[in-house]
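Peer 1: Heads up: the protein sequence lines correspond to chains G and C, in order.
Counting from 0, one number per residue, gives the positions in the first sequence under numbering that gives the first Met the number 0.
Counting from 0, one number per residue, gives the positions in the second sequence under numbering that gives the first Met the number 0.
Cβ coordinates follow ideal geometry from the N, Cα and C atoms, glycine included.
Got a structure for you, questions after.
Number of protein chains: 2
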Amino acid sequence: MDAYSGQMTRLIQQLSQLPGIGQKTAQRLAFYIISMPEDRVESLSSAIIGAKQKIRLCSCCGNLSDSELCPICADPDRDKRTIMVVETPRDLAAYEKTQKYTGVYHVLHGAIDPQRGIGPSDIRLKELMSRLQGDVDEVIIATNSTLEGETTAMYISRLVKQAGIKVSRIASGVPVGGDLENIDEVTLLRALNGRVEL
Amino acid sequence: MDAYSGQMTRLIQQLSQLPGIGQKTAQRLAFYIISMPEDRVESLSSAIIGAKQKIRLCSCCGNLSDSELCPICADPDRDKRTIMVVETPRDLAAYEKTQKYTGVYHVLHGAIDPQRGIGPSDIRLKELMSRLQGDVDEVIIATNSTLEGETTAMYISRLVKQAGIKVSRIASGVPVGGDLENIDEVTLLRALNGRVEL
Numbered sequence: 000m001d002a003y004s005g006q007m008t009r010l011i012q013q014l015s016q017l018p019g020i021g022q023k024t025a026q027r028l029a030f031y032i033i034s035m036p037e038d039r040v041e042s043l044s045s046a047i048i049g050a051k052q053k054i055r056l057c058s059c060c061g062n063l064s065d066s067e068l069c070p071i072c073a074d075p076d077r078d079k080r081t082i083m084v085v086e087t088p089r090d091l092a093a094y095e096k097t098q099k100y101t102g103v104y105h106v107l108h109g110a111i112d113p114q115r116g117i118g119p120s121d122i123r124l125k126e127l128m129s130r131l132q133g134d135v136d137e138v139i140i141a142t143n144s145t146l147e148g149e150t151t152a153m154y155i156s157r158l159v160k161q162a163g164i165k166v167s168r169i170a171s172g173v174p175v176g177g178d179l180e181n182i183d184e185v186t187l188l189r190a191l192n193g194r195v196e197l
Numbered sequence: 000m001d002a003y004s005g006q007m008t009r010l011i012q013q014l015s016q017l018p019g020i021g022q023k024t025a026q027r028l029a030f031y032i033i034s035m036p037e038d039r040v041e042s043l044s045s046a047i048i049g050a051k052q053k054i055r056l057c058s059c060c061g062n063l064s065d066s067e068l069c070p071i072c073a074d075p076d077r078d079k080r081t082i083m084v085v086e087t088p089r090d091l092a093a094y095e096k097t098q099k100y101t102g103v104y105h106v107l108h109g110a111i112d113p114q115r116g117i118g119p120s121d122i123r124l125k126e127l128m129s130r131l132q133g134d135v136d137e138v139i140i141a142t143n144s145t146l147e148g149e150t151t152a153m154y155i156s157r158l159v160k161q162a163g164i165k166v167s168r169i170a171s172g173v174p175v176g177g178d179l180e181n182i183d184e185v186t187l188l189r190a191l192n193g194r195v196e197l
């Protein structure tokens with residue numbers, strides 16, 4: 000038998016299905032939620048359902064958007080001739096946080112991963128290629144520095160080169176502030192090979 | 000400018016207001032939520048608002064409840080003559096998990112804390128005293144082993160004794176599985192003073 004009310008049990012159970020939220024955390028959150036003012040609970044509840052129902056992909060770059068074009072593609076100040084290719088909207092957000100990149104993006108929503116049966120046609124590559132029909136100066140490949148990300152970067156770079164467009168890959172090396180002794184050998188070798196003359 | 004859609008920003012902001020959920024976790028949860036099937040998102044959203052709107056306090060013991068009486072007070076098999084006094088519904092739930100306690104509870108929803116201006120009239124003490132008018136054999140005080148919990152226990156025990164009812168306090172000592180060297184001195188002394196003959 001449940002010690003709590005059915006509503007509470009249901010809420011705890013729903014929260015504990017979220018990633019990284021265990022039974023204890025779900026219980027703590029549930030108690031917090033029922034102690035919140037009703038208008039705040041309503042905001043939370045409607046933000047959840049609203050996000051699910053209203054968010055779609057930008058018809059141009061594939062970023063999350065409330066409308067046809069995402070805020071970045073719709074911004075006349077962004078340089079549409081430079082396209083940074085990323086795997087996910089979160090990667091895009093990470094670069095946006097730097098506030099230094101003024102070009103636009105292309106979100107693949109994945110990476111080529113033959114082991115899991117994800118091929119070039121399963122990511123938004125066709126959409127990228129059709130964007131290259133327009134005026135594009137450079138494609139910057141910013142897929143992750145993982146096996147899948149590198150495979151995807153290689154694949155895309157070949158296609159973009161064939162289209163006669165400049166293609167680059169973000170640098171890989173020791174993170175700023177990184178302590179050499181805590182960094183894996185592959186990264187250390189990458190950093191060595193990618194050394195720049197001072 | 001926001002990189003994400005307004006809906007996404009709103010969801011992340013709402014989630015990050017929950018305790019223990021930082022910006023990064025909120026972002027991770029938000030992305031997970033929009034990738035969930037719509038019916039699951041609806042369940043989550045309605046569990047949140049449902050819990051807030053429908054949960055009330057059991058009119059007898061103060062536990063969280065969907066109806067007039069909580070499942071424990073409504074259970075004819077529970078021994079209504081033994082009342083365990085706890086500070087919060089979470090403490091109640093902790094004892095329920097043991098599945099060994101067959102009496103009922105009384106939830107104070109707080110503890111006496113003069114430093115924060117919380118006196119006997121700010122917790123559900125009057126309700127406890129009126130329950131003692133009925134047939135009660137024993138009151139077990141299970142408030143926390145903190146200064147406030149102990150103060151509350153002392154205060155209640157005096158009142159219950161005056162009513163001519165047996166009153167007890169849960170034992171305090173070394174936790175089962177606890178390693179002596181990691182336990183604070185106060186607990187060690189408590190365990191020594193509370194030693195039982197074998």
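(1) Give the secondary structure of C:K79 by DSSP, where H, G and I count as helix, E and B as strand, and everything else as coil.
(2) Along chain G, in chain order, which residues have C-beta atoms closer than 7 Å to that of C:M7?
(3) Output the residue ranges of the beta strand (DSSP E) runs that lie fully inside the region 31-110 of chain G and measure 3 residues or longer, sorted by chain position.
(4) Please list, in chain order, all residues of the same chain as G:M0 whose beta carbon is under 8 Å from its beta carbon, the five residues on each side excluded.
(5) In three-state terms, what does DSSP make of C:R194?
(6) If we ignore side chains and look at the alpha-carbon of each, how far apart do G:G193 and G:S171 end up?
(7) Tell me which residues share the same chain as G:R77 and place their Cβ nearer than 7 Å to its Cβ, disregarding the 5 neighbours each side in the sequence.
(8) Taking only beta-carbon positions, decide if G:L68 is within less than 8 Å of chain C.
(9) Could you tell me whether the region 45-52 of chain G touches the region 31-41 of chain C, using the rule of 3 or more Cβ pairs below 8 Å?
(10) Consider the Cβ of C:T81: report whether some Cβ of chain G lies at a distance smaller than 8 Å.
(11) Tell me the start and end of each unbroken alpha helix (DSSP H) in the region 134-169 of chain C that is at least 4 residues and wholly inside, in chain order.
(12) For C:I20, I'd like the list of residues in its chain whose CB is within less than 8 Å of its CB, leaving aside the five on either flank, ordered along the chain.
(13) One question on the structure: do C:S4 and G:S58 come within less than 8 Å of each other, judged by their Cβ atoms?
(14) Classify G:L191: buried if its beta carbon has 16 or more other beta carbons within 10 angstroms, exposed otherwise.
(15) Does G:E37 come within less than 8 Å of chain C when only Cβ atoms are used?
(16) Against chain G, does C:S15 count as a neighbour if the rule is that its beta carbon must be under 8 Å from one of theirs?
(17) Go ahead and label C:N62 buried or exposed: buried means 16 or more other beta carbons lie within 10 angstroms of its beta carbon, across all protein chains shown.
(18) Should G:T142 and G:E86 be called a contact, given that it needs their Cβ atoms to be closer than 8 Å?
(19) Helix, strand or coil: which one does DSSP assign to C:I209?
(20) List the residues of chain C that G:R89 touches, going by C-beta distances under 9 Å, in chain order.
(21) Please name the residue, chosen from C:L124, C:A110, C:V185, C:P174, that lies closest to C:V82 on a Cα-to-Cα basis.
(22) Using DSSP's beta-bridge definition, name the partner residues of G:I117.
(23) Tell me the rounded alpha-carbon separation between C:V155 and C:Q114.
(24) By the three-class DSSP mapping on this structure, what secondary structure does C:R130 have?
(25) Under 8 Å between beta-carbons, which chain C residues line up against G:P75? List them in chain order, please.
(26) Closer than 8 Å, Cβ to any Cβ of chain C: which residues of the region 165-193 of chain G, in chain order?
(27) To the nearest angstrom, how far is it from the Cα of C:S129 to the Cα of C:D38?
(28) I want to verify the contact list: residues of chain C whose CB lies under 8 Å from the CB of G:P113, in sequence order.
(29) Helix, strand or coil, according to DSSP, for G:Q6 in the structure here?
(30) Short of 9 Å Cβ to Cβ, which residues in the region 132-151 of chain G face chain C?
(31) Evaluate G:P18 with the Cβ neighbour count: other Cβ atoms within 10 Å of its Cβ, from every protein chain shown; 16 or more gives buried, anything less gives exposed.
Peer 2: On the basis of the supplied data:
(1) In this structure, C:K79 counts as strand in the three-state DSSP scheme.
(2) Here the neighbours are A50, I54, L63.
(3) Counting only runs of 3 or more, we get 78-85, 102-106.
(4) Model confidence at G:M0 stands at a pLDDT of 43, short of 50, so the residue's coordinates are unreliable; what they give is reported in the following sentence. If we look at G:M0 and ignore the five residues flanking it on each side, it has no Cβ neighbours.
(5) Three-state result, C:R194: coil.
(6) Approximately 8 Å, taken between the alpha carbons.
(7) Non-local beta-carbon contacts of G:R77 in its own chain, meaning distances under 7 Å to residues more than five positions away in sequence, involve I71, T101, G102, V103 in chain order.
(8) It does not; no Cβ of chain C falls within 8 Å.
(9) Under the Cβ criterion (8 Å, minimum of three pairs), the region 45-52 of chain G counts as touching the region 31-41 of chain C.
(10) So no, C:T81 is outside the interface.
(11) Qualifying alpha helix (DSSP H) stretches, in chain order: 146-161.
(12) Answer for C:I20: L14, L28, listed in chain order.
(13) By the CB criterion at 8 Å, C:S4 and G:S58 fall outside the cutoff.
(14) By the beta-carbon neighbour count (other beta carbons within 10 angstroms, threshold 16), G:L191 is exposed.
(15) With respect to chain C, the C-beta atom of G:E37 has a partner C-beta closer than 8 Å.
(16) No, C:S15 does not count as interfacial toward chain G.
(17) Taking all protein chains in view, the Cβ of C:N62 is crowded by 16 or more other Cβ atoms within 10 Å, so the residue is classified as buried.
(18) Yes; because the gap between Cβ atoms is below 8 Å, this pair is in contact.
(19) The structure shown does not extend to residue 209 of chain C, since chain C is modelled only from 0 through 197, so no value can be given for it.
(20) Here the neighbours are Q26, R27, F30.
(21) Here residue 82 of chain C turns out to be Ile, not Val, going by the sequence shown. Per the Cα distances, C:L124.
(22) DSSP lists G:D112 as partners of G:I117.
(23) Note that residue 155 of chain C is Ile in the sequence shown here, rather than Val. Rounded to the nearest angstrom, the two C-alpha atoms are 18 Å apart.
(24) The answer is helix: DSSP assigns C:R130 an H, G or I state.
(25) For G:P75, there are no C-beta contacts with chain C under 8 Å, since the nearest C-beta of that chain is about 12 Å from it.
(26) Those would be none; no residue qualifies.
(27) Computed Cα separation, rounded: 46 Å.
(28) Correct list: empty, because the minimum Cβ distance to chain C is about 23 Å.
(29) Here DSSP, grouped into helix, strand and coil, assigns G:Q6 to helix.
(30) So nothing in the stretch comes that close.
(31) Classified as exposed, G:P18 has fewer than 16 neighbouring CB atoms from the shown chains inside 10 Å of its CB.
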